[in-house]
Every structure is written in structure tokens, then in C-alpha cells.
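Asks: Residue numbers (the working numbering): 111 to 403.
Idealized CB from N, CA, C, for every residue including glycine.
All values derive from a computational prediction rather than experimental measurement.
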């Protein structure tokens, strides 16, 4: 299956988002001039799951990349060995019906949970890796994004092929050998792997690490599943309100529009602001102005 077939299956962008009723709600259409604008639910990290779902609807965002932290809240974490054991037990044992119900809640307010952000790391058990795919399917997601280790890609690939689900590796700006930050790190992870190992490009972090997201997207758009849209300064600079940093957000969005690249662009609100819903609405308005210009 080629990338266009993946995109058509996943988003149906050729016809735009349908707006027929879903459990009494109409799907929220945040496609602007052919570009699907979504949000990473980390933008609403100050809220629990139900409040985050409502925040998507209030902000007018119809496409969600669900941060696993919303699912895993209260079930352990990475802060201590005890919490890590607790989190592994939850991941390996959670009833998939619980995840299905989360997907239903999103769809009930008109939001499509397109991607699950589930960050496979080197310390994951094989069962934890497989459960990521099972949870993504239960949610109704079409792809996974992952703040993974470069070395973990070799373990992820067989599961991705088994479940026929692509995984977009997510970059940050820290330049470390086993972390995604550079074009070379993406290339190294994907070398010798199947098409199921792909890219989730964060254009803000890429800019902060002094790389050019426009050039990279032009060269690798076939393998980019989603974008994270944020505005950072170069040279490891700070997160800024949209339009105040060095990230070429406008240029990236118009590149998607003009070339009909079927890549969802997900707002990730991380700068210091006021209410998260209000700030995401500001980000959406910025994207709308860029795409309607």
C-alpha cells in the first residue's frame, strides 16, 4: 500500500471531512483549503480526558492526535521504578473496551481521533509495544506517533507490519545519538525498515535544532504522517506564540496547500499563555489566515 492509499484510507481528504451526524453531533470540519488542521491533546494537558475532549469541540478542532498521557493519567509513570512497573501493568492489562469508549466520546462531540501518540521506548516490553497498536485500533486511530528512541524502531517494525499501521517517529530538538532530532536520525531509524516506520515531523523543534522544515517536507512528504505545528526560535530557542518565533509555519502550511500534500497539521500549544482553549483558537486563527491568504 503506497502513501496516497494510506492517506485516502485514513482521512478521506479527497472529499473533505464529512459532516453527517455522529451520535447526535456533526463532525467538526477544521480542514482549511484542503489542509487538515488538528491538535495534539498535549495542548490540553492541564485537563483530564473528558475536559480535553470538550476542549477540542470548544476550540473548533475536528482532528485529534491523542497524547497517551491522557489515557495513562493515574496509572503510573516514569518518575520512579515503582511507577514504571505500575504503568507497564496498566498498559499490558487495560481492557480495550475502555479505549473504545474514549474514541466514542471524541466522535460523539464531532472530533475524529486520527492518531494515538504512544511513545515506544527501549525499556518497553514486547507486550507494551503490541498493546500500543491494539489501543490505537480500539480508539479508532489510523496511525501512531511516537517520541521513541532511534534504536527502538527495529523492534516496532514487526508489530507495525503485523497490525498494518504506520508509526510516525517524533523529533525533539535535543541532539543525542539515540533521540530523533536531525534528518540523519530519521534516516538511520528507517534504514532497512518497512514503509510502516515513518515520520511525525515537529516543525518547531526542527527549527530550534537549526534545520529547515520546508526543505525537509518537500523531500520527504511521502513518508510524513503528521506534522506538529508550534513556533520556536532557532538555536534551541523558546516556544513562542504563533508568528513570533522563527518557525516557518505560514510557509509550511501553504506548501501543504499548494502541493496538495495530504499531511494533517496538528497544533501543539506549548508556549506560556492563558487558557489553553483560547490559545489553541488563536493558533487555529493564525493557520486559517495563512491558508486563506
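How far does the alpha helix (DSSP H) with residue 380 in it extend, from its first residue to its last?
Replies: Unbroken run through residue 380: none, as it is neither H nor E.
Asks: Quick one: using the 10 Å Cβ neighbour count with 16 as the cut-off for buried, is residue 156 buried or exposed?
Replies: When all chains shown are included, residue 156 counts as exposed.
Asks: Would you mind reading off the limits of the beta strand (DSSP E) that contains residue 227?
Replies: Unbroken beta strand (DSSP E) run through residue 227: 222-227.
Asks: State yes or no: is the C-beta of residue 246 within less than 8 Å of the C-beta of residue 226?
Replies: Taking 8 Å as the Cβ cut-off, residue 246 and residue 226 qualify as a contacting pair.
Asks: Residue 145 and residue 363 look like a contact to me (Cβ under 8 Å); what is the Cβ gap, rounded to whole Å?
Replies: Yes, they are in contact, since the Cβ atoms of residue 145 and residue 363 sit about 6 Å apart, within 8 Å.
Asks: Near residue 237, what residues of its chain come up, given a Cβ to Cβ distance below 6 Å and the 5 sequence neighbours on each side ignored?
Replies: Contacts found: 202.
Asks: Starting from residue 242 and walking both ways along the alpha helix (DSSP H), at which residues does that stretch end?
Replies: 236-249 is the span of the alpha helix (DSSP H), which, as asked, contains residue 242.
Asks: Taking DSSP's pairing of strands, which residues face residue 177 in a bridge?
Replies: According to DSSP, residue 177 bridges with 227.
Asks: Let me know the beta strand (DSSP E) ranges lying completely inside the region 285-337, each 3 residues or longer, listed in chain order.
Replies: List check, beta strand (DSSP E) in window: 307-312.
Asks: Three or more C-beta pairs closer than 8 Å, one from the region 324-331 and one from the region 363-372: is that the case here?
Replies: Judged by Cβ distances under 8 Å, the region 324-331 makes contact with the region 363-372, as three or more pairs qualify.
Asks: Using C-beta distances below 6 Å, list every residue in its chain close to residue 356, excluding the 5 sequence neighbours before and after it, in chain order.
Replies: Within the same chain, residue 356 has close Cβ partners 317, 343, 344.
Asks: Quick check on the burial criterion: 16 or more other C-beta atoms within 10 angstroms. Buried or exposed for residue 346?
Replies: So residue 346 counts as exposed.
Asks: By DSSP, does residue 275 sit in helix, in strand, or in coil?
Replies: If DSSP states are grouped into helix, strand and coil, residue 275 belongs with coil.
Asks: Can you give me the C-alpha to C-alpha distance between residue 161 and residue 358, rounded to a whole angstrom?
Replies: Residue 161 and residue 358: Cα-Cα distance of roughly 31 Å.
Asks: Over the uninterrupted alpha helix (DSSP H) stretch that includes residue 362, give me the two end residues.
Replies: Run containing residue 362: 359-369, per the alpha helix (DSSP H) assignment.
Asks: Just verifying my parser: in three-state terms, what is the DSSP assignment at residue 439?
Replies: There is simply no residue 439 to check, as the chain begins at 111 and stops at 403 in what is shown.
Asks: For residue 183, which of 196, 171, 172 has the nearest alpha-carbon?
Replies: Considering only alpha carbons, the answer is 196.
Asks: Using DSSP's beta-bridge definition, name the partner residues of residue 78.
Replies: There is simply no residue 78 to check, as the chain begins at 111 and stops at 403 in what is shown.
Asks: How would you call residue 336, buried or exposed, if buried means at least 16 neighbouring beta carbons within 10 angstroms?
Replies: So residue 336 counts as buried.
Asks: Between the alpha carbons of residue 282 and residue 289, how many angstroms are there, rounded?
Replies: Computed Cα separation, rounded: 8 Å.
Asks: Does the Cβ-Cβ distance between residue 153 and residue 229 come in under 8 Å?
Replies: Not a contact, by the Cβ cut-off of 8 Å.
Asks: Which stretch, first to last residue, makes up the alpha helix (DSSP H) that contains residue 213?
Replies: Looking at the DSSP string, the run of the alpha helix (DSSP H) that includes residue 213 is 206-218.
Asks: Specify, as a first and last residue, the run of the alpha helix (DSSP H) that residue 373 falls within.
Replies: No alpha helix (DSSP H) contains residue 373, which DSSP labels as neither H nor E.
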